[in-house]
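These notes are about the structure you will find just below.
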Amino acid sequence: MTRWFEDITVDEAFPLGSKTFTQEEIIRFGRLYDPQYFHVDPEAARHSHFGGLVASGWHTVAVGHRKMVDALFAEEERLRALGQEPGVSGPSPGVNTMQFKAPVRPGDTVTYTLTVTGKRPSNSIPGWGLLFNTIEATNQRGELVYHAELVGFSKLRDYRMPLWQRLALTLTRIPGLRKLVRR
Amino acid sequence: MNPVTADRRHYEDLAVGEVIALGSVTVTKEMIVGFAREFDPFPFHLDEKAARASLLGGLAASGWQTAALSLRMLGEAFLNTIASMGGLGFSDLKWKKPVMAGDTIGGTARIAALRRSRGHPERGIVTIDFDIRNQRGEPVMSLRLANLVEVRDPGRGEPPAHERSPGAAPSGGAAT
Chain A
7 MTRWFEDITV DEAFPLGSKT FTQEEIIRFG RLYDPQYFHV DPEAARHSHF GGLVASGWHT
67 VAVGHRKMVD ALFAEEERLR ALGQEPGVSG PSPGVNTMQF KAPVRPGDTV TYTLTVTGKR
127 PSNSIPGWGL LFNTIEATNQ RGELVYHAEL VGFSKLRDYR MPLWQRLALT LTRIPGLRKL
187 VRR
Chain B
-14 MNPVTADRRH YEDLAVGEVI ALGSVTVTKE MIVGFAREFD PFPFHLDEKA ARASLLGGLA
46 ASGWQTAALS LRMLGEAFLN TIASMGGLGF SDLKWKKPVM AGDTIGGTAR IAALRRSRGH
106 PERGIVTIDF DIRNQRGEPV MSLRLANLVE VRDPGRGEPP AHERSPGAAP SGGAAT
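Chains as they are written, first to last, in the numbering used here: chain A, 7 to 189; chain B, -14 to 161.
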């Protein structure tokens, strides 16, 4: 899905859409993954420095991830509609930094934006490239909710395996040879 | 005084080097697909056939699910026993190995650093390093979390520098 590594433009901002967080959703996520009193108990939460119930930062991040996946699928559909073959995105190796800034309260609407800030071919996985992504989430007042710097994999369209690797791959397919090598 | 957290451990009661034993959780296929449908609907988290053809090599949990389950274990073992004021963020999250359907994850969390907030004398910042492993002891995820904790006696200053750890917490966080 999404674009091929070669077609991804650096520093282009992609709007990922918005989500309004309800009290029920905040409490449900909190009970499952982050059961601290200010994420699950509106009464007790009034005693916290938040002054009321707030969403787990991880909840806002998980929703941001969902928004990104939805955007990748939408891009895939757009490319297919144009008669083009979409690229392939892979799993993520990690997150460099995630800063929770403003709390998200019931009824708040969070808007997510993705920017690819850099890319390079992977050193460890041939045929794949690394994307360095920033996601920023803001609320309905324009306040920054979180800032994240993430890494993702994207497949190369024009990759051709080096000759020695293709040779090695062919050799491993010859029955009995692997056994022989192990001895 | 916050009645919810009055009896819990505060900033002054924590020490760098404390190791928190996390419980464990077995990640079932149903959990993986359920989480993926809501937050991470890539085919390699939803469908076994697509997963086998992917880089993951089989049905694997969303990395965010591994993180969320680790957070829950930390909540039960630690965050709900201290006067936590919520997270500031995290850094250096590394998904080292996929968590496959049927795997059991657990591990430890360690207090890597403690410091007082500069702007808010009633807040301390505890930095926690996660080391999450599967049932074979293989590391599956690590991350460094920064969490706020209430200071019991804000009038008293920061302890002398030699009692603090130089470990770096993620920067930023409007609350500090």
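Don't be surprised by glycine CBs; every beta carbon is placed ideally from N, CA and C.
For E155 of chain A and K107 of chain A, I'd like the C-alpha separation in whole angstroms. 14 Å
Buried or exposed: where does T28 of chain A fall if 16 or more other Cβ atoms within 10 Å of its Cβ makes it buried? So T28 of chain A ends up on the exposed side.
Among B:N119, B:F29, B:V10 and B:S76, which has the Cα closest to the Cα of V157 of chain A? B:S76
Roughly how many whole angstroms lie between the Cα atoms of R52 of chain A and Y152 of chain A? 23 Å
For N119 of chain B, return the contacting residues in chain A, with the cut-off set at a CB-CB distance below 8 Å. Correct list: empty, because the minimum Cβ distance to chain A is about 16 Å.
Of the residues that make up the region 80 to 107 of chain A, which ones have a beta carbon closer than 7 Å to any beta carbon in chain B? Within the region 80 to 107 of chain A, those residues whose Cβ lies closer than 7 Å to any Cβ of chain B are, in chain order, G96, P97, S98, P99, G100, V101, N102, T103, M104, Q105, F106 and K107.
Which residue wins for smallest C-alpha separation from E61 of chain B, given the options B:G74, B:T93 and B:A86? Considering only B:G74, B:T93 and B:A86, the residue with the shortest C-alpha distance to E61 of chain B is B:T93.
Sub-8 Å separation of F159 of chain A and S95 of chain A beta-carbons: One thing to note: F159 of chain A has its Cβ within 8 Å of the Cβ of S95 of chain A.
R37 of chain B: contacting residues in chain A (beta-carbon distance under 9 Å): Those do not exist, as R37 of chain B stays about 14 Å from chain A at its closest Cβ, beyond 9 Å.
Leaving out the 5 sequence neighbours to the left and right, which residues in its chain are closer than 7 Å to R126 of chain A when beta-carbon positions are compared? Taken in chain order, the residues that qualify are G135 and L136.
Determine the burial state of W194 of chain A: buried for a count of at least 16 other Cβ atoms within 10 Å of its Cβ, exposed for fewer. Nothing in the structure corresponds to residue 194 of chain A, since chain A is present only between 7 and 189.
Taking the continuous alpha helix (DSSP H) assigned at V67 of chain A, which residues delimit it? G63 to A87
Since K25 of chain A sits in a beta bridge, which residues does DSSP pair it with? Answer is A:V116, bridged to K25 of chain A.
Hey, is G157 of chain B's beta-carbon within less than 8 Å of any beta-carbon in chain A? Summary for G157 of chain B: the model assigns pLDDT 43, below 50, so the residue's position carries little reliability; its value from the coordinates is reported in the next sentence. Judged by the 8 Å Cβ criterion, G157 of chain B is in contact with chain A.
Would you mind telling me which residues of chain B sit closer than 9 Å to W10 of chain A, beta carbon to beta carbon, in chain order? Ordered by position in chain B, no residue passes the 9 Å Cβ test against W10 of chain A, which lies about 16 Å from the chain.
In the region 48 to 63 of chain A, which residues sit with their C-beta less than 9 Å from some C-beta in chain B, listed in chain order? A50, A51, H53, S54, H55, F56, V60, S62 and G63
Based on Cα-Cα distance, which residue from B:A52, B:A86 and B:R100 lies nearest to K14 of chain B? B:A86
Verify the CB distance criterion: does D40 of chain A have a CB-CB separation below 8 Å to chain B? For D40 of chain A, the answer is yes, since a Cβ of chain B falls inside 8 Å of its Cβ.
Would you give the residue range spanned by the alpha helix (DSSP H) that W134 of chain A belongs to? Looking at the DSSP string, W134 of chain A is not in any alpha helix (DSSP H); the run it does join, the beta strand (DSSP E), is W134 to T144.
Does S69 of chain B come within less than 8 Å of chain A when only Cβ atoms are used? yes
Give the secondary structure of M7 of chain A by DSSP, where H, G and I count as helix, E and B as strand, and everything else as coil. Note that M7 of chain A has pLDDT 46, beneath the 50 cutoff, so the model's placement of it is unreliable and the number below is only indicative. Correct three-state label for M7 of chain A: coil.
Rounded to the nearest angstrom, how far is the Cβ of I67 of chain B from that of R(-7) of chain B, given a contact under 8 Å? 5 Å between Cβ atoms; contact.
Under 9 Å from the C-beta of F44 of chain A: neighbouring residues of chain B: V(-11), S69, M70 and G71
Counting only the same chain and skipping the five closest in sequence on each side, list residues whose C-beta sits under 6 Å from that of G48 of chain B. W80
Please decide whether V75 of chain A counts as near chain B, where near means a Cβ-Cβ distance under 8 Å. yes
Could you give the distance in angstroms between the alpha-carbon of H30 of chain B and the alpha-carbon of R37 of chain B? For H30 of chain B and R37 of chain B, the gap between their C-alpha atoms comes out near 10 Å.
Taking 8 Å as the CB-CB cut-off, is L56 of chain B touching chain A? So yes, L56 of chain B belongs to the interface.
Would T121 of chain A pass as a contact of D17 of chain A if the rule is Cβ separation under 8 Å? The criterion of a C-beta distance shorter than 8 Å is satisfied by T121 of chain A and D17 of chain A.
Listed in chain order, which residues of the region 72 to 95 of chain B have Cβ atoms closer than 8 Å to some Cβ of chain A? G72, L73, G74, F75, S76, D77, L78, K79, W80 and P83
Length at least 4, wholly inside the region -9 to 50 of chain B: the alpha helix (DSSP H) runs in chain order: Entirely contained in the region -9 to 50 of chain B, the alpha helix (DSSP H) runs reaching 4 residues are, in chain order, 14 to 24, 28 to 31 and 33 to 38.
Against chain B, with Cβ distances strictly below 8 Å, would A143 of chain A count as a contact? no
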